[in-house]
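J.: Just add 118 to wherever you are in the sequence shown, counting from 1, and you've got the numbering used here. Think of the CB as a built atom: it goes at the ideal place given N, C-alpha and C, for glycine as much as any other residue. I have a structure I would like to understand better, so I am pasting it below and will then ask my questions one at a time.
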Amino acid sequence: MNVFIVGGTGTLGRQIVRRALDEGHHVYCFVRSPAKATFLREWGATILQGNLCAADSILEALKYAKASVVIDASATRPTDTLTIAAVDWQGKVNLIQAAQAADIEHLIFFSIMRAQDYPQVPLMQIKHCTEDFLRESGLNYTILRPCGFFQGLIGQYAIPILENQSIWVLGESTAIAYMDTQDVAKFAVRAIDRPATYGKVFDLAGTRPWTADEIIKLCENLSGQQAKITRLPIGVLRTARQVTQWFQWTWNISDRLAFTEVIASGQIFNAPMEDVYRTFDLDPNETLTLEAYLQDYFTRILRKLKELDYEKAKQKKSGRKKRSPFKSTP
């Protein structure tokens, strides 16, 4: 089947592309910068250049791909100059309208669990409004609502512990049932040709919810190092958000700071998954646990550090200086 994927270069999107290709689908990736999508082309995907903020480019790409299914895994990145409203609202409206015009059979959209509960948080409000817009579009749709990815925990917890840097913990820790993006991708690809998912919304949760303190403790146990924890009152970030709202060039920062209200809410982001696995015909026993994910990460990193220490000791003993990895070979 011809599958049109938006956001294929992202953390989640690339896993969806890989999975769809492995299952024999013809994948077309809609990207802003083809240069950043070279690896997707090497995997076997067709790269189509365009921009969600340019509605005509979406329709042109959809018609070229002759796609039956659209999977939207795109999101505003912290380094983007575009605002959350531009990409996550107007961009998604453009995509849905282009899908209507191209007679797309099925659109799979990624939202966020409990988005409807946080209207004061721009990203959550936009996700909720996009869900409503999609429902009213007349398209066959499937909405998937994960609540967090394992991959984001590496930079937040694992690396600071290894580098003896502070870990910032906000307010009352929210318990979140994170998932591996590879497992989330299974649901998206399985939904491609599964009419039982049409017109439905599915919360996606990992094997159990984790608080920040529990994740830190797990990282300490696996790394053998003690974390430096700095607890930041939520009021400090609220003040920072108010300041960043004053300047147009910091609106994107302000919107992201607003998301800390979710992280520090003390609520639980989890959902029953038995019926979801049954609907998608997936085995819950194959879902990766956070313990296994972090165990693999720390095992690989600590082995690499040990090898580097061995090389340093060997070079010191031989009296040779190590060549800089940043210098090219003559």
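Please go through the same chain and pick out, in chain order, the residues whose beta-carbon is closer than 6 Å to the beta-carbon of T315, but skip the five residues on each side of it.
T.: The residue labelled residue 315 in the question sits at position 197 within the sequence shown. Closer than 6 Å at the Cβ level, and outside the excluded window around T315, lie T260, A309.
J.: According to DSSP, is R263 helix, strand or coil?
T.: Residue 263 sits at position 145 when you count from the first residue of the sequence shown. Judged by DSSP in its simplified three-state form, R263 adopts strand.
J.: Give the DSSP bridge partners of T164, in chain order.
T.: Your numbering for residue 164 matches position 46 in the sequence shown. Bridge partners of T164: Y146.
J.: If contact is defined by three or more beta carbon pairs under 8 Å, each pair taking one atom from either stretch, is the stretch 179-191 in contact with the stretch 142-160?
T.: yes
J.: Across which residues does DSSP place D321 in a beta bridge pair?
T.: One-based indexing of the sequence shown puts residue 321 at position 203. The partner list for D321 (beta bridge, DSSP) reads R263.
J.: Can you find the residues in the same chain that come closer than 6 Å, C-beta to C-beta, to S284, ignoring five residues on each side of it along the sequence?
T.: One-based indexing of the sequence shown puts residue 284 at position 166. Closer than 6 Å at Cβ, skipping near neighbours: K346, T348.
J.: For A217, does the three-state DSSP call read helix, strand or coil?
T.: Along the sequence shown, read from residue 1 onward, the residue named residue 217 stands at position 99. Three-state DSSP puts A217 in a helix.
J.: Tell whether a beta-carbon distance below 8 Å holds between N453 and L170.
T.: The structure shown does not extend to residue 453, since the chain is modelled only from 119 through 448, so no value can be given for it.
J.: Within this structure, are the beta carbons of D174 and R263 separated by less than 8 Å?
T.: Residue numbering aside, residue 174 sits at position 56 when the sequence shown is read from its first letter. Residue numbering aside, residue 263 sits at position 145 when the sequence shown is read from its first letter. Cβ atoms of D174 and R263: not closer than 8 Å.
J.: Looking only at its own chain, which residues have a Cβ that is under 8 Å from the Cβ of Q218, when we skip the five neighbours before and after it?
T.: As a working note, residue 218 is residue 100 in the sequence shown. Beyond the five residues adjoining it in sequence on each side, Q218 comes within less than 8 Å, by CB distance, of S255, G256, L257 in the same chain, given in chain order.
J.: Let me make sure I understand the geometry here. Which of F122, T194, Y236 has the alpha-carbon closest to that of K181?
T.: Within the sequence shown, the letter at position 63 stands for residue 181. Looking at the Cα atoms, F122 is the closest of the given residues.
J.: What would DSSP say about R232, mapped onto helix, strand or coil?
T.: As a position in the sequence shown, residue 232 is number 114, starting the count at 1. Coil, per DSSP.
J.: Got a sec? Which residues, its chain only, sit under 6 Å from Q234 by beta carbon, not counting five neighbours each side?
T.: Indexing the sequence shown from 1 puts residue 234 at position 116. Counting only Cβ-Cβ distances below 6 Å, and skipping sequence neighbours, we find H246.
J.: Ends of the alpha helix (DSSP H) at S341?
T.: Against the sequence shown, residue 341 aligns to sequence position 223. Its alpha helix (DSSP H) spans residues 330-341.
J.: Just curious, the alpha helix (DSSP H) that S175 is in, first and last residue?
T.: If you number the sequence shown from 1, residue 175 lands on position 57. For S175, the enclosing alpha helix (DSSP H) has its first and last residue at 173-183.
J.: Given this structure, state the Cα-to-Cα distance separating L288 from Y395, to the nearest angstrom.
T.: For the purposes of this step, residue 288 is taken as the residue at position 170 of the sequence shown. For the purposes of this step, residue 395 is taken as the residue at position 277 of the sequence shown. For L288 and Y395, the distance between alpha carbons rounds to 33 Å.
J.: So if DSSP puts H224 in a beta bridge, which residue, or which two residues, is it bridged to?
T.: As a first step, residue 224 must be located in the sequence shown, where it is residue number 106. V187, per the DSSP bridge assignment.
J.: Please classify L130: does DSSP put it in a helix, a strand, or coil?
T.: If you number the sequence shown from 1, residue 130 lands on position 12. If DSSP states are grouped into helix, strand and coil, L130 belongs with coil.
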